[in-house]
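Trainee:
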Amino acid sequence: MGLINAKKTKFYWMYLVLAGVLAVLGIIVAPIWSGTDLFFKGWGAKLIDLLLAIALIYYIIIYLFKKVKTSLGVVQALTIVELAILSLIALGCILSQFKVINISEPCQVLGVALWLRGAVEILSSHFRKSSRYPVWKLLGFIALVTAGTVLFIKPLISRAQFQWAIVALLIILAIYSLAYGISAKKPKK
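Numbering (my numbering), first residue to last: 664 to 852.
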């Protein structure tokens with residue numbers, strides 16, 4: 664049994680095309696082009712802002728909307744405030760593409776998101792009537808607030824490092840797609 668168990672298909676070539684597209688995209692969004700005059704030199708930085716916006720919107724839809732529906736009173740109000748702030752940050756990430764709002768570092772966006780989640784949960788633990796959090800959970804939320812503060816004040820990962828991580832991920836996905844496409848090729852009859 665191999666690492667990749669692909670189902671044989673006559674559409675194996677789609678995986679090969681996907682591998683090519685991902686490899687080219689990985690090369691194009693690399694930060695090495697920022698000092699050149701190429702038309703795609705800023706695509707990597709813009710991609711980071713769009714990915715941040717998508718991640719925040721996903722978090723809001725998948726997690727925070729459920730939290731708003733299941734919470735009551737002050738806890739629900741705090742969650743709505745968190746939802747509103749993160750929505751504005753996601754909008755800022757999108758509008759930074761048009762030079763309307765400047766979102767500086769992805770690490771700061773992550774720091775704000777962590778800080779908000781930790782702060783809302785700490786305050787929620789105080790206002791909960793039915794059950795209190797266990798101490799270990801409360802310490803985890805305090806750690807979120809601390810980590811969020813550290814990431815916001817002193818970003819540990821620069822925008823270029825985020826770009827390199829995205830490039831690495833795209834290249835890995837391209838290699839996987841290439842291997843999957845090759846192993847999915849139907850043998851000739």
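Even glycine gets a Cβ: it sits at the ideal position worked out from N, Cα and C.
Which stretch, first to last residue, makes up the alpha helix (DSSP H) that contains A847?
Mentor: No alpha helix (DSSP H) holds A847; DSSP gives it neither H nor E.
Trainee: In the DSSP output, which residue or residues are listed as bridge partners for T672?
Mentor: Paired residues: K848.
Trainee: My parser needs the alpha helix (DSSP H) runs of 4 or more residues fully inside the segment 687-746; what are they?
Mentor: Runs found: 706-722 and 728-733.
Trainee: Can you check whether the CB of A682 is closer than 8 Å to the CB of S840?
Mentor: yes
Trainee: Can you tell which of G689, F674, L679 and Y678 has its C-alpha closest to the C-alpha of I835?
Mentor: G689
Trainee: Excluding five sequence neighbours on each side, which residues of the same chain lie with their C-beta closer than 6 Å to the C-beta of L715?
Mentor: C756, P769 and V772
Trainee: Give a yes or no on whether the C-beta atoms belonging to L719 and A753 are separated by under 8 Å.
Mentor: A contact, by the Cβ cut-off of 8 Å.
Trainee: Buried or exposed: which applies to V798, given that a residue is buried once 16 or more other Cβ atoms fall within 10 Å of its Cβ?
Mentor: By the neighbour-count criterion, in which a residue is buried when 16 or more other Cβ atoms sit within 10 angstroms of its Cβ, V798 is exposed.
Trainee: Hey, is the segment 705-712 in contact with the segment 822-830, meaning 3+ C-beta pairs nearer than 8 Å?
Mentor: yes
Trainee: Measuring straight from C-alpha to C-alpha, what distance separates T672 and A842?
Mentor: Answer to the nearest angstrom: the Cα atoms are 14 Å apart.
Trainee: So which of R780, F790, L727 and S821 has the shortest CA-CA distance to A810?
Mentor: Nearest of R780, F790, L727 and S821 to A810, Cα basis: R780.
Trainee: Measuring only the C-alpha atoms, how far is K817 from V687?
Mentor: 33 Å
Trainee: Since F790 contacts V738 with CB under 8 Å, what's their CB separation in whole angstroms?
Mentor: 6 Å
Trainee: Taking all protein chains shown into account, decide if M664 is buried (16 or more other Cβ within 10 angstroms of its Cβ) or exposed.
Mentor: Because M664 carries a pLDDT of 43, less than 50, the predicted location of this residue cannot be relied on, and no value is offered for it.
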